Amino acid sequence: MDIMNGSYAQTHFPCKLWDAGEKGLTLSAFEWEEDRKTLIYGQVDYMYGEALYKPEMKEGNPIRLYSLDEITEIFCKLGLRICNSFADFSGKPSSDNDIQLMVYSIRE
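This is the structure in C-alpha coordinates:
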(Lines of atoms letter the chains of each structure in order from A; the text may use other names.)
(Lines give C-alpha, C1' and ligand atoms only; values in the text may rest on other atoms or scores of the structure.)
Protein backbone atom coordinates (compact mmCIF):
# COMPACT_ATOMS: atom_id res chain seq x y z
CA MET A 3 0.00 0.00 0.00
CA ASP A 4 1.36 3.42 -0.95
CA ILE A 5 -0.13 6.48 0.78
CA MET A 6 0.77 10.03 1.74
CA ASN A 7 2.09 10.09 5.31
CA GLY A 8 -0.21 11.92 7.75
CA SER A 9 2.63 12.39 10.23
CA TYR A 10 4.58 14.29 7.56
CA ALA A 11 1.61 16.54 6.83
CA GLN A 12 1.15 17.32 10.52
CA THR A 13 4.71 18.65 10.86
CA HIS A 14 5.32 20.19 7.41
CA PHE A 15 1.98 21.77 6.38
CA PRO A 16 0.71 24.41 5.82
CA CYS A 17 3.12 25.41 3.07
CA LYS A 18 3.20 26.90 -0.42
CA LEU A 19 5.45 25.70 -3.22
CA TRP A 20 6.37 27.13 -6.62
CA ASP A 21 7.06 24.79 -9.53
CA ALA A 22 8.59 26.04 -12.80
CA GLY A 23 7.23 24.17 -15.79
CA GLU A 24 7.81 24.35 -19.51
CA LYS A 25 4.96 26.83 -20.13
CA GLY A 26 4.58 28.57 -16.79
CA LEU A 27 4.71 28.56 -13.00
CA THR A 28 2.42 26.69 -10.63
CA LEU A 29 1.76 27.83 -7.07
CA SER A 30 0.56 24.95 -4.89
CA ALA A 31 -0.86 25.42 -1.40
CA PHE A 32 -1.09 22.63 1.17
CA GLU A 33 -3.23 23.21 4.27
CA TRP A 34 -3.60 20.75 7.15
CA GLU A 35 -6.77 20.39 9.23
CA GLU A 36 -5.47 18.77 12.40
CA ASP A 37 -8.85 17.96 13.92
CA ARG A 38 -9.99 16.03 10.82
CA LYS A 39 -6.47 14.90 9.79
CA THR A 40 -7.29 16.17 6.33
CA LEU A 41 -5.12 17.69 3.61
CA ILE A 42 -6.60 20.55 1.60
CA TYR A 43 -4.73 21.18 -1.65
CA GLY A 44 -5.10 24.00 -4.13
CA GLN A 45 -3.12 25.36 -7.06
CA VAL A 46 -2.92 28.31 -9.44
CA ASP A 47 -1.15 28.27 -12.81
CA TYR A 48 0.64 31.34 -14.22
CA MET A 49 1.66 31.24 -17.88
CA TYR A 50 4.99 32.82 -18.82
CA GLY A 51 4.56 36.28 -20.37
CA GLU A 52 1.27 37.03 -18.60
CA ALA A 53 0.85 39.52 -15.77
CA LEU A 54 0.72 38.00 -12.31
CA TYR A 55 -2.41 38.48 -10.23
CA LYS A 56 -3.33 37.76 -6.63
CA PRO A 57 -3.90 34.01 -6.51
CA GLU A 58 -7.32 32.58 -5.82
CA MET A 59 -6.72 29.01 -4.80
CA LYS A 60 -9.27 26.55 -6.09
CA GLU A 61 -9.57 23.77 -3.56
CA GLY A 62 -9.83 20.17 -4.57
CA ASN A 63 -11.48 17.52 -2.47
CA PRO A 64 -10.15 17.16 1.07
CA ILE A 65 -7.96 14.07 1.46
CA ARG A 66 -7.85 12.10 4.73
CA LEU A 67 -4.26 11.14 5.55
CA TYR A 68 -3.12 8.41 7.95
CA SER A 69 -0.05 7.97 10.13
CA LEU A 70 1.76 4.63 10.37
CA ASP A 71 0.22 4.09 13.83
CA GLU A 72 -3.29 4.59 12.43
CA ILE A 73 -2.63 2.24 9.50
CA THR A 74 -1.25 -0.38 11.90
CA GLU A 75 -4.42 -0.18 14.02
CA ILE A 76 -6.73 -0.38 10.99
CA PHE A 77 -4.83 -3.31 9.48
CA CYS A 78 -4.85 -5.18 12.81
CA LYS A 79 -8.66 -4.98 12.89
CA LEU A 80 -8.67 -6.48 9.38
CA GLY A 81 -6.42 -9.37 10.39
CA LEU A 82 -3.32 -7.93 8.74
CA ARG A 83 0.11 -7.39 10.27
CA ILE A 84 2.48 -4.74 8.97
CA CYS A 85 5.86 -6.35 8.32
CA ASN A 86 7.69 -3.22 7.23
CA SER A 87 7.22 0.34 6.01
CA PHE A 88 9.32 2.27 3.52
CA ALA A 89 9.76 5.88 2.41
CA ASP A 90 10.28 5.01 -1.27
CA PHE A 91 10.96 2.20 -3.72
CA SER A 92 14.66 2.07 -2.80
CA GLY A 93 13.81 0.39 0.51
CA LYS A 94 14.63 3.39 2.73
CA PRO A 95 12.84 2.90 6.08
CA SER A 96 9.91 5.28 6.58
CA SER A 97 9.92 8.12 9.09
CA ASP A 98 7.68 11.05 9.99
CA ASN A 99 9.89 13.22 7.73
CA ASP A 100 8.98 11.31 4.56
CA ILE A 101 5.91 12.34 2.59
CA GLN A 102 5.44 8.87 1.11
CA LEU A 103 4.53 5.86 3.23
CA MET A 104 4.73 2.42 1.67
CA VAL A 105 3.44 -0.41 3.84
CA TYR A 106 4.10 -4.12 3.40
CA SER A 107 1.69 -6.38 5.29
CA ILE A 108 0.58 -10.01 5.51
CA ARG A 109 -2.66 -11.68 6.61
CA GLU A 110 -2.38 -13.38 9.99
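In terms of the numbering used here, the sequence shown opens at residue 3 and continues consecutively.
C-beta atoms are modelled at their ideal positions from N, C-alpha and C, and glycine is treated no differently.
Source: prediction; values computed, not measured.
Original post:
Hey, how far is the Cα of ALA89 from the Cα of ASP100?
Top reply: Each residue's alpha carbon lies about 6 Å from the other.
**OP:** Give the secondary structure of ASP90 by DSSP, where H, G and I count as helix, E and B as strand, and everything else as coil.
**Re:** Coil at ASP90, not helix or strand.
Original post:
Looking at the unbroken beta strand (DSSP E) that takes in ALA31, where does it start and where does it end?
Top reply: Bounds of the beta strand (DSSP E) holding ALA31 are 26 to 35.
**OP:** Please say whether PHE32 and TYR43 have beta carbons closer to each other than 7 Å?
**Re:** The answer is yes: Cβ separation under 7 Å.
**OP:** Have a look at ARG83 and GLY93 and give me their C-alpha separation to the nearest angstrom.
**Re:** Just so you know, the alpha carbons of ARG83 and GLY93 end up roughly 19 Å apart.
Original post:
How many angstroms separate the CA atom of SER96 from the CA atom of GLN102?
Top reply: So the alpha carbons of these two residues sit roughly 8 Å apart.
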